[in-house]
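A short worksheet on the structure shown next.
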Amino acid sequence: MIPEKTTLPKPRFAINVENMVKIYGSGPNAVKALKEVNLAVRPGEVVGLLGPSGSGKTTLLHCLGAVIEPTSGRITLGGEVIYDNGWGKQDFRTLRRDKIGFIFQAPYLFPFISALDNVAILPMLTGRSNRQARERALELLTVLEVDHRAHVKPSKLSGGEQQRVAIARALANQPALILADEPTAPLDSERSLIVMKILTQMAERYNTAIIVVTHDDLIIPRFKRLYRIRDGIVHEEQGQGLPFPD
Amino acid sequence: MINLAIKEIVHTRFRYFLTAVGLGLLIGTTLTMVGLVRGMAADAVTLIRSSNADLWVVQKNTEGPFAESSTMYDDVYRSIAGLRGVAGAANAAYLTLQIGQGNREVRALVVGFDPDSSLGAPPHLVAGRPITRSHYEAIADVKTGFKVGDKIMIRRDEYTVVGLTSGMVSSSGDPVVFITLQDAQTEQFEKDNDYIYNERARLAANPEFNPPDDPGLLQAITSYQESSNMVNTVLVRVAPGYDPNAVAAYIRRWKYYSVYTYQPMAQLLLVNVNGIALRQLGMFMAILTIVGVAIIMLIIYIMTMGKIKEIAILKLIGAKNRTIVSMILQEAWGLGVLGFFIGKIAASLWAPLFPKRIEFIFTDSITAFLFTMFFCTLASVLSIRAALKVQPSSAIGD
């Protein structure tokens, strides 16, 4: 059964980053990778993150994903301050598990379990029973139209199907934020557009903010809002917001 | 939570099984080495255990008859048999030689025993009958390859195999052939014709042994030289209620011979006769175990490193360390269990092909299994350390 849209009360921003700085090293060897980053994404919104190699994109993703600690600043995720010049009392793994979804360049599905279990593993990690977790996974696979491939191992799935399963996995725990690191990189133009369309639909359906790192010229015009990063400085831009082809 | 370890094992079952086979063969080789050491130790004492004796009386100041040569007169046993605490005594002779049968030769330990005594006799027959004639009949261990009715050559005499026994080997693993004591004395001490002829001529030419005024002296000396009334040991059965050590001390005191009870004799065989071989095998076994442990560690480490990306993603999506640790441990233990059983089966299959006895003991198998599991766990520690060091950030970007 396809679930209805989530009706939880919305915080104003799914993620709100204020004056975030990240410095690697110290003293004369210190490198300021992120400089006073300000960024905010509303629930259900998909924004692009653009920038050349070495601009600080990965560092920004690591900080937003609670994988590395910023040097200073404030991060509010799903209405909860998780960093304010220091981490709160959260267990980062629990934080990532419950509030952040990840989509990678390659799907990076676990090759030894079925598509269904690749999605179900997230709810299982939260302590849900196998049956509940698989029901949730099947719902998502149905929404993403890969339910007919649910019991197939990833190696038997096409690239597009694998990426849909990866999207379902990212959505499995209803995160406030999904970080998508070049999710269309391995796909052709047609499939890239399909995946981006799906991401946009999922963001709206599940009220999840999605930050998409991309270099894809075909995708960039589809964002309504963009963040461009260069030398650790983030600028907000208005996107073209072109509609996706049917 | 689904069991990731089992899922991965099933997914990579062919590779996993092949890895387990490799590990199993290594474990099987180690088990065989242990069995070989056990077999050698068991072989070393087979003869003394089956001889039905409590004491071995040998030439004074020797560690005979197995570790050193020992020669005694064959009438000594009579005086020992009459001592207090002695239920029975019998002579025995041992000689290792090549026994011919047709075109082939078999290295064997020939045991001369007194057919009128149970001491030193073959303990059981698997075919044929006991020796009933005084001469030229033999009972052979099945390992010799002889069959009942075969004609075999011991030195220059032909014997007929009348019975077969099994499991009777010397301390060095050679199969045993039993003949009568009288025959054994002949084969051990009898000189060849040329030697006798030459020796008689030499004695006759020596005026000290052949004085003109005493013609009987030469005959006496010749008879004495050609006699074969020596044995290697006297086997003694202690009467019920008597302490073998006390009886042994009594014989030592009054008869001026060296006497060994079972334990010192077994120790002599294990330490003096087979000590170096056993130590050699022990060293080899130790090296094999170390190599095995290194290979187990390497296999498990490589297995873990092969899924480092999956581990990083697991950490990124919030899996607890115990989920990852449990996955590595379960895979390592699975490999250990599978490898052990493959090794055990392989060792059981190839053991009968070995020329020497391979003895598997249940406690050795249990110990080997526990060792395998322990080393699999130890090997996992290295992999677990590496896995826990993996940064979840390595799953994003780069």
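For the protein sequence lines, the chains are U and H, in the order given.
Note that the numbering used here has the first sequence beginning at 1, numbered continuously upward.
Note that the numbering used here has the second sequence beginning at 1, numbered continuously upward.
Every residue gets a Cβ at the ideal spot worked out from N, C-alpha and C, and that includes glycine.
From a predicted model like this one, the values you see are computed outputs, not experimental measurements.
From the listed residues L177/U, R222/U, L179/U and I211/U, the smallest Cα separation to S192/U is found for R222/U. In the DSSP annotation of this structure, V146/U is not part of any alpha helix (DSSP H), being labelled neither H nor E. Under the 10 Å beta carbon count, Q163/U is surrounded by 16 or more other beta carbons and is classified as buried. The C-beta of A20/H comes no closer than 7 Å to any C-beta of chain U. Closest by C-alpha distance to S114/U, out of R49/H, K7/H and E359/H, is K7/H.
One thing to note: I210/U has its Cβ no nearer than 7 Å to the Cβ of I233/U. Here DSSP, grouped into helix, strand and coil, assigns T96/H to strand.
Contact with chain H is found for M124/U, since one of that chain's Cβ atoms lies less than 7 Å from the residue's Cβ. Linking I324/H to Q330/H through their CA atoms gives a straight-line distance of about 10 Å. For I113/U, at least one C-beta of chain H is nearer than 7 Å to its own C-beta. Using a Cβ-Cβ cut-off of 7 Å, H62/U counts as an interface residue toward chain H, since at least one Cβ of chain H sits closer than that to its own.
Taking CB atoms only, V212/U has no neighbour in chain H less than 7 Å away. Annotated three-state conformation of Q238/U is strand, per DSSP.
One alpha carbon belongs to P123/H, the other to L25/H, and they sit about 37 Å apart. Close CB contacts of G64/H within its chain, under the 7 Å cut and outside five residues either way in sequence, are with V58, S70, N232 and T233 (chain order). Per the DSSP secondary-structure output, F113/H pairs in a beta bridge with A92/H and T180/H.
Interface criterion not met: the Cβ of L335/H is under 7 Å from no Cβ in chain U.
Within a 10 Å sphere around the beta-carbon of L353/H sit fewer than 16 other beta-carbons, which makes this residue exposed.
Here the stretch 110-125 of chain U lies against the stretch 314-321 of chain H, with 3 or more beta-carbon pairs under 8 Å apart. For F102/U, the enclosing beta strand (DSSP E) stretches over residues I100 to I103. Interface criterion met: the Cβ of F102/U is under 7 Å from a Cβ in chain H.
Beta-bridge annotation (DSSP): A127/H is paired with L164/H. Of all C-beta pairs linking the stretch 251-260 of chain H to the stretch 326-345 of chain H, fewer than three are shorter than 8 Å, placing the two stretches out of contact.
Residue state for Y108/U is assigned as coil, using DSSP reduced to three classes. DSSP lists L235/H and Y260/H as the bridge partner or partners of W56/H. Listed along chain H are E310, each with a C-beta nearer than 7 Å to that of F110/U.
In this structure, the beta-carbon distance from S170/H to V273/H does not fall below 7 Å. Contact of S393/H with chain U is assigned, a C-beta pair being separated by under 7 Å.
Using a 10 angstroms sphere on the CB of N118/U, the tally of other CB atoms reaches 16 or more, which defines it as buried.
At the C-beta level, P115/H and K143/H stay beyond 7 Å of one another. Sequence-distant partners of T165/H (beyond 5 residues in either direction) whose C-beta falls short of 8 Å from its own C-beta, in its chain, are P122, P123, H124, L125, V126, I139, A140, D141, V142, V176 and F178. Counting along the chain, no alpha helix (DSSP H) covers V271/H, and no H or E run does either. Under the DSSP definition of a beta bridge, L77/U partners with I15/U and E80/U. For the 7 Å CB-CB criterion, T372/H and F340/H form a contact.
Rounded to the nearest whole angstrom, the C-alpha separation of R42/U and T59/U is 21 Å. With contacts defined by Cβ atoms closer than 7 Å, V212/U and G48/U form a contacting pair.
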